[in-house]
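Chemist:
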Amino acid sequence: MKEELLEIYNSLYDKYGPQNWWPGEGLEIAIGAVLTQQTNWKNVEKALQQLKNADCMNVDCLKKIPIEKLEELIKSSGYYRIKAKRLKNLIDLLSIDSQPNREALIAVNGLGDETADSILLYMFEKEYFVIDSYTFRILNRLGLYNGQNYLELQQIFMDSLPNKLQLYQEYHALLVKHAKICCTKSNPKCDSCILSKRCLYNSK
Ligand code: SF4
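The opening position of the sequence shown corresponds to residue 355 in the numbering used here, with each subsequent residue numbered one higher.
Next comes the structure, spelled out in structure tokens:
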């Protein structure tokens with residue numbers, strides 16, 4: 355598995371180049387990770403801009419702002435009532451612990467594995483491989499992993515890859531890129547796919 359995962363990374367990197375994720379820095383990354391749940395990034399960008407315009411991209415403001423006002427500012431990201439609550443929960447944690455570990459983040463109501471690991475990998479620059487629906491799709495189709503178990507697939511990546519921050523960040527971003535423009539949910543573009551020779555889906 356180790357060799358296959360590195361070869362896939364190299365193929366994707368050769369094809370798409372460095373992705374330099376994640377947009378924003380510091381707290382903006384954590385907020386983006388919460389807001390991007392079940393929506394696309396364009397909608398998140400609008401909400402992030404609204405927060406910036408209101409001078410509320412900081413722990414102090416996010417702690418003090420009434421939840422109704424926060425809901426209004428992040429409305430474009432969808433599910434804004436739930437997300438406003440999740441943001442408040444996250445800010446409660448960050449206001450008492452500016453460097454939370456994975457257990458603390460996971461304990462925040464509404465933060466799942468993917469959101470917690472995105473915050474750890476991109477905001478706190480800790481080596482946690484982020485798994486998402488795109489990772490499952492590509493790995494399932496390639497025939498390298500059968501199932502939908504987040505922690506299991508994360509462990510496979512982390513056991514197989516060198517423990518390097520930039521590699522983890524780039525690999526996740528490259529898988530997202532590949533899933534969005536080539537290995538799409540329906541009608542994947544297998545004829546032009548850089549991974550087609552090793553893909554089981556393609557040979558069916
Ligand atoms: S060959 Fe097709 S199914 Fe396989 S990874 Fe490429 S696009 Fe996805």
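Note that beta-carbon positions come from the ideal geometry of N, C-alpha and C, so glycine has one too.
#1: Using three-state DSSP, classify residue 397 as helix, strand or coil.
#2: Could you tell me which uninterrupted beta strand (DSSP E) segments, each at least 3 residues in length, are contained entirely in the region 461–525, listed from first to last along the chain?
#3: Regarding residue 550 and the ligand SF4, is the C-beta to nearest heavy atom distance less than 6 Å?
#4: Is the CB-CB distance between residue 462 and residue 475 below 7 Å?
#5: Between the C-alpha atoms of residue 424 and residue 468, what's the straight-line distance to the nearest angstrom?
#6: Helix, strand or coil: which one does DSSP assign to residue 419?
#7: Could you please give the first and the last residue of the uninterrupted alpha helix (DSSP H) stretch that includes residue 357?
#8: With a threshold of 8 Å, are at least 3 pairs of Cβ atoms found where one atom belongs to the region 408–418 and the other to the region 428–440?
#9: Candidates 536, 458, 526 and 532: which alpha carbon is nearest residue 374's?
#10: Taking the Cβ atom as the reference point for each residue, do residue 487 and residue 359 lie within a distance shorter than 7 Å?
Modeler: In terms of the structure at hand:
#1: Residue 397 falls in the helix class under three-state DSSP.
#2: With a minimum length of 3 residues, no continuous beta strand (DSSP E) run stays inside the region 461–525.
#3: Yes, the Cβ of residue 550 comes within 6 Å of a heavy atom of the ligand SF4.
#4: No, they are not a contact pair.
#5: The straight-line gap from Cα to Cα measures roughly 23 Å.
#6: Three-state result, residue 419: coil.
#7: Where residue 357 is concerned, the enclosing alpha helix (DSSP H) stretches over 356–370.
#8: Using a C-beta cut-off of 8 Å, the region 408–418 makes no contact with the region 428–440, since fewer than three inter-stretch Cβ pairs fall below that distance.
#9: Distances from the CA of residue 374 to each of 536, 458, 526 and 532 were compared; the closest alpha carbon is that of 526.
#10: No, the pair does not count as a contact, with Cβ atoms beyond the cut-off.
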